[in-house]
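Undergrad: Take a look at the following structure, please.
Numbering (this note's numbering), first residue to last: 328 to 642.
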């Protein structure tokens, strides 16, 4: 992997995180503006990028495997984490199980897939990421609620409630609509204009900044650093056991090297910011969730992705 490409990934991830942190402490951005940036990323940018990348997505049977592998990644990661952290408090157990389940597939793995293989890999990653939002509300939220209730049962707190329909059917799901529109254009053989390739390359970097700047705004780095050692239990699961298991199993039925490489990048994606959001919603250990997000993101960008890049370019 050349230094320019590695610098690009580092720049597109950690500079916006630092920028968001700086904007918050200088009070140059309000919480409303931060939330608006998040919404713009999810509703507008992700939808447009999904449309453009799925427009050139080849329609082949192997692709149906990607959402299923995404579910398997989440189940395996959470299932491995649960017994490893059972000696900790219920609140910390819930935080780590949710962190193991929810991964930053769409944004960070999408950037890395694009750098490694191009637009097709970005589209494959988005297809892999489709179940993530559904998993968050139908599995991660109930698990978080269970662990939080176990941790606070002595206090007599009322269980938290959430509306599944409102969480699933919102403008935040428009990215899936973009996928279907792009697939429709592909199915009807509508030729994509050539200039979109350069436009898409620009969008990848813009989307990274729009996605990560609000993250830097909302998290407390200093308090999270105390939990880095505790969060390290996630590392062998997220970066070794689960991705190698899925890559090995997929290689038995998938022959396309781009799909196989993308599966590894997506299956080893770091902890998602959605794990932090879930911890906030259900009163789990937010600082531990932030530590897991920061630690896995740093190691994914600085260690795992360069190693994966070197390996897959030799295959």
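C-beta atoms are modelled at their ideal positions from N, C-alpha and C, and glycine is treated no differently.
With DSSP collapsed to three states, give me the class of residue 580.
TA: Here residue 580 refers to the residue found at position 253 of the chain shown. Of the three classes helix, strand and coil, the one that applies to residue 580 here is coil, per DSSP.
Undergrad: Apart from the five residues on each side of it in sequence, which residues of its chain come closer than 7 Å, Cβ to Cβ, to residue 404?
TA: Taking the first residue of the chain shown as position 1, residue 404 is located at position 77. Once the five neighbours on either side are set aside, the close Cβ partners of residue 404 are 427, 428, 564, 565, 569.
Undergrad: Let me know the secondary structure DSSP gives residue 456 once reduced to three states.
TA: Locating residue 456 in the chain shown gives position 129, where the first residue counts as 1. Note: residue 456 maps to helix in three-state DSSP.
Undergrad: According to DSSP, what are the bridge partners of residue 598?
TA: In the chain shown, the residue the question calls residue 598 occupies position 271. BP columns for residue 598 point to 430.
Undergrad: Within 10 Å of its beta-carbon, does residue 477 have 16 or more other beta-carbons around it, so buried, or fewer, so exposed?
TA: The residue given as residue 477 occupies position 150 in the chain shown. Residue 477 is exposed by the Cβ-count criterion.
Undergrad: Between residue 617 and residue 603, is the Cβ-Cβ spacing less than 7 Å?
TA: By 1-based counting over the chain shown, the position of residue 617 is 290. By 1-based counting over the chain shown, the position of residue 603 is 276. Yes.
Undergrad: Classify residue 351: buried if its beta carbon has 16 or more other beta carbons within 10 angstroms, exposed otherwise.
TA: The count along the chain shown starts at 1 and reaches residue 351 at position 24. Classification for residue 351: buried.
Undergrad: Do residue 611 and residue 422 have their C-beta atoms within less than 7 Å of each other?
TA: Counting from one through the chain shown, the residue named residue 611 turns up at place 284. Counting from one through the chain shown, the residue named residue 422 turns up at place 95. Yes, the Cβ-Cβ distance between residue 611 and residue 422 is below 7 Å.
Undergrad: Run the proximity test for residue 369: is its beta-carbon closer than 6 Å to any non-hydrogen atom belonging to the ligand MG?
TA: Annotation note on the ligand MG: not contained in the displayed structure, which lists no ligands.
Undergrad: Roughly how many angstroms lie between the CA atoms of residue 579 and residue 356, to the nearest whole one?
TA: If you number the chain shown from 1, residue 579 lands on position 252. If you number the chain shown from 1, residue 356 lands on position 29. Using only the alpha carbons, I get a separation of about 50 Å.
Undergrad: Consult DSSP for residue 487 and reduce its assignment to one of helix, strand or coil.
TA: Taking the first residue of the chain shown as position 1, residue 487 is located at position 160. Caution is warranted here: a pLDDT of 48 is assigned to residue 487, below 50, making its placement in the model unreliable, and the coordinate value is therefore given only provisionally. Reduced to three states, the DSSP call for residue 487 is coil.
Undergrad: Using beta-carbon positions only, say whether residue 431 and residue 635 come within less than 7 Å of one another.
TA: Counted from its first residue, the chain shown places residue 431 at position 104. Counted from its first residue, the chain shown places residue 635 at position 308. Their beta carbons are not under 7 Å apart, which means residue 431 does not touch residue 635 by this criterion.
Undergrad: Would you decide whether residue 516 is buried or exposed? Buried here means 16 or more other CB atoms lie within 10 Å of its CB.
TA: Taking the first residue of the chain shown as position 1, residue 516 is located at position 189. Counting Cβ neighbours within 10 Å, residue 516 comes out exposed, since fewer than 16 surround it.
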